[in-house]
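Chemist:
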Amino acid sequence: MKICVLMKQVPDNDSAIILSNDSSSIKLNDITWCTNESDTYALEEALLMKEAHGGEVVACSFGRESSQQVIKDALAKGADRGLYISEEESDGFDILSTAKIFTQALKDENFDLIFSGLQSNDSGNAQLGLLLAEMLNMSHAALVMGTEVLNDTRIKVKQELEGGWFQWTELDLPASITIQSGLNKPRYASLRGIMMMKKKPIDIFDSSQIDSTGSKNKIFLDKMYIPQKVKETTFIEGTPDEIASKLGDLMINDIKVF
Amino acid sequence: MNIFVFIQKDNGTINRNSLEALAGAQQFARATDAQVSAVCFGEVNDQLTEYDIQQVLSISDPGLNSYNPQLYCEAFNQVISAHHPDMVIFGHTYQTRDWVPRLSAKLDIPFVSDCIRIQNQNGLILTRQIYQGKINTDLKVEGSVLVSIQSGAYRLDSIVSGNTSVQQFEVNLDSVKCTVHPGEKFQESKGSVDLSRAKIIVAVGRGIGKEENMPIAKELAEVLGAELGSSRPVVDYGWLPHEHQVGSSGQTVSPKLYLALGISGAIQHQVGMKGSSNIVAINKDGNAPIFEIADYGIVADLFEIVPKITQTLKDHKG
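Here the protein sequences come in this chain order: A and B.
Residues in the first sequence are numbered consecutively from 495, following my numbering.
Residues in the second sequence are numbered consecutively from -3, following my numbering.
#1: Specify the secondary structure class of B/K310 as computed by DSSP and reduced to three states.
#2: Just tell me which of A/M501, A/T641, A/K594 and A/G576 has its CA closest to the CA of A/D697.
#3: Using a Cβ cut-off of 7 Å (strictly closer), state whether B/P81 contacts chain A.
#4: Can you tell me whether DSSP reads A/I720 as helix, strand or coil?
#5: With DSSP run on the structure shown, which of helix, strand or coil describes A/L741?
#6: Give the secondary structure of B/K252 by DSSP, where H, G and I count as helix, E and B as strand, and everything else as coil.
#7: Which residues, in chain order, does the segment 592 to 621 of chain A contribute to contact with chain B at a C-beta distance below 7 Å?
#8: Taking the straight line between their C-alpha atoms, what separation do you get for A/S555 and A/S610?
#9: From B/R124 to A/R686, what does the alpha carbon distance come to, in whole angstroms?
#10: Rounded to whole angstroms, what's the CA-CA distance from B/Q266 to B/Q247? Just pull it up for me.
#11: Does A/W659 come out as helix, strand or coil in the three-state DSSP assignment?
#12: Can you pull the chain B neighbours of A/N645, defined as C-beta to C-beta under 7 Å?
#13: Along chain A, which residues have their Cβ under 8 Å away from the Cβ of B/N132?
#14: Which stretch, first to last residue, makes up the alpha helix (DSSP H) that contains B/V231?
#15: As an exercise, report each continuous beta strand (DSSP E) stretch of at least 3 residues that is fully enclosed by the segment 526 to 604 of chain A, in chain order.
#16: Measuring straight from C-alpha to C-alpha, what distance separates B/I305 and A/G742?
#17: Give me the Cα-Cα distance between A/A669 and A/L644, rounded to the nearest whole angstrom.
#18: Would you give the residue range spanned by the alpha helix (DSSP H) that B/D94 belongs to?
#19: List the residues of chain A whose Cβ lies closer than 7 Å to the Cβ of B/H240, in chain order.
#20: List the whole-angstrom C-beta distance separating B/C111 from B/S147, where the pair is believed to meet the contact cut-off of C-beta under 8 Å.
#21: Please report how far the alpha carbon of B/P97 lies from the alpha carbon of B/I204, in whole angstroms.
#22: Is it buried or exposed, B/N11, if we count other Cβ atoms within 10 angstroms and call 16 or more buried?
#23: Are the beta-carbon atoms of B/I126 and A/I737 separated by less than 7 Å?
#24: Could you list which residues in chain A have their beta carbon closer than 8 Å to that of B/H312, in chain order?
#25: How would you list, in chain order, the residues of chain B whose beta-carbon sits under 8 Å from the beta-carbon of A/E656?
#26: Let me check understanding here. Comparing Cα to Cα, which of A/V551, A/L513 and A/M639 lies closest to A/S675?
#27: Would you kindly work out how many angstroms separate the C-alpha atoms of A/K712 and A/I688, rounded to a whole number?
#28: Three-state secondary structure (DSSP) at A/P695?
#29: Ignoring anything shorter than 3 residues or poking outside the segment 191 to 245 of chain B, list the beta strand (DSSP E) runs there in chain order.
#30: Give me the chain A residues within the contact set of B/E288, using Cβ-Cβ distance strictly less than 9 Å, ordered along the chain.
#31: Any Cβ of chain B within less than 7 Å of the Cβ of A/I730?
#32: Checking the sheet assignment: what are the DSSP bridge partners for B/R124?
#33: Should the segment 659 to 669 of chain A be called in touch with the segment 170 to 186 of chain B, which here means at least 3 C-beta pairs below 8 Å?
#34: What does B/E218 touch in chain A if you count any residue whose Cβ is under 9 Å from its own?
#35: Rounded to the nearest angstrom, how far is the Cβ of B/A27 from that of B/I(-1), given a contact under 8 Å?
#36: Exposed or buried, what is B/H80 when buried is set at 16 or more other beta-carbons lying within 10 Å of its beta-carbon?
Take a look at the structure:
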């Protein structure tokens, strides 16, 4: 199996997200970057499949130069090579155009499988892997919670539905699937893996050569802003003892928990 | 402007999120000059003809009787080629998340997913949240667009009644070579936890830090006679079984009191609990989105506060 894993660099959960002065972007300087969480599960699933069935795992990332760190981390965990799609301009609003760039970068690789995390923690479109399925003529499944290789031409996936329901779906290869977090235990890089990483290649695809603006249907950013609160929140302040006493009083006398 | 709303059916019943999307479309149409049509695969439920919309397009084909993303895409492709709607609206369901991106690529029409508002301000403005609810973006559209609406963004009871007619639309799906083969649906071993009926829920998020800290929440739940809930990461890490999860991939709850401990409040969690009567959030990050919807907020270290609250409540009970 030749598997591509799409991995995105996103702000870590503790980074403060602050708007730029013109409200058209966020300030990048104070952000700590990490690999998007569900993408780490996608990588683990690809590595497990390669270990069981053989093949190759290619870690692919897109965006600002620092995104290559995501690829390096994946190589250290066991991916065989990297593919970095350079793109400084992308704002993530027009995911259809982004998918066209990926299509150009991936089309000659003839991957059997493309794995990606369900959704990115920044723009949260939850679409890229599925757009690629159509553009690269692959089968697809979203919200995958388990994978099983049936034979050389077909896999079986467990898809998550709403309200605790699941569904088995069989997919002819090639297939692109989006992986839900929690389906495996992502590994840590070993010391040996980190040493090996330095010898593994990272190919660079320059997206500036690609004209992805062909569609007459387009999306533009009007503005960004901090969400208005829908509720008036009463903040309870004081020392821990004072807070516990006020909250206890609230729960017993106002909310009447007993 | 010509708006289509896709009505998803689950075992013959209209999906609630699709109707909320229809309510949103009606609201937008009233403020502009738009016409709203509903699109429905298979038999049209009577319910659907009792809303104030221009028409219901009914598409009957054996291939559409159960969900298949590739047949759905081709059927909708033919609808759009014939009618050229300016905007097609979907409920942001798991099924939508599976097939509508593929439709977007097929049609070369952008899909703006998980929107919380559609409005007219010198043109169409779509609002969606990014950075897990910390930032809103307003997006403008040139040309046609596909949109999905977040669960709960519009109220079901705001749907306007009226009369409408049903038009049949023929599709031909013979050209589709299906490479996706959906199989049986199933539930994992059903747990004993039914959070939807709980009066009080003590819910735990990533902020609990590690499994060894779980007793702090469990003791509070015990003194309150509460059920334990959680956000997704806690289940992913295996600290609680899946049936405790609240949110889009777990249960939807509306208890009298929802105590969120160390939960940041990503959109996916909020949709499962924002209907709670009283939401109390304890989180060390004052900017966490959970405070957007909390009635009472405590910006503090939960490890300092929670044991003291447990003690306070124990003392009261005597």
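Beta carbons: idealized from backbone N, C-alpha and C, even for Gly.
This one's a predicted model, so the numbers in the text were calculated from it and none came from an experiment.
Modeler: Walking through what the data contain:
#1: helix
#2: A/G576
#3: no
#4: coil
#5: helix
#6: coil
#7: A593, N615, D616, S617, G618, N619, A620 and Q621
#8: 11 Å
#9: 43 Å
#10: 11 Å
#11: strand
#12: Chain B residues near A/N645: none, gap ~14 Å exceeds 7 Å.
#13: M718, Y719, I720 and P721
#14: R228 to D232
#15: 527 to 529, 550 to 557 and 575 to 580
#16: 6 Å
#17: 13 Å
#18: Y90 to L103
#19: Result: empty, since nearest Cβ-Cβ is about 11 Å, beyond 7 Å.
#20: That pair is no contact at about 11 Å.
#21: 35 Å
#22: buried
#23: no
#24: G742, I746 and F752
#25: T89, Y90, S244 and S245
#26: A/M639
#27: 42 Å
#28: coil
#29: 196 to 200 and 223 to 226
#30: P721, Q722, K723, V724, K725 and T727
#31: yes
#32: B/C111 and B/T133
#33: yes
#34: Under the 9 Å cutoff, chain A gives no residues; its nearest Cβ is about 13 Å from B/E218.
#35: Not confirmed; about 12 Å, so no contact.
#36: exposed
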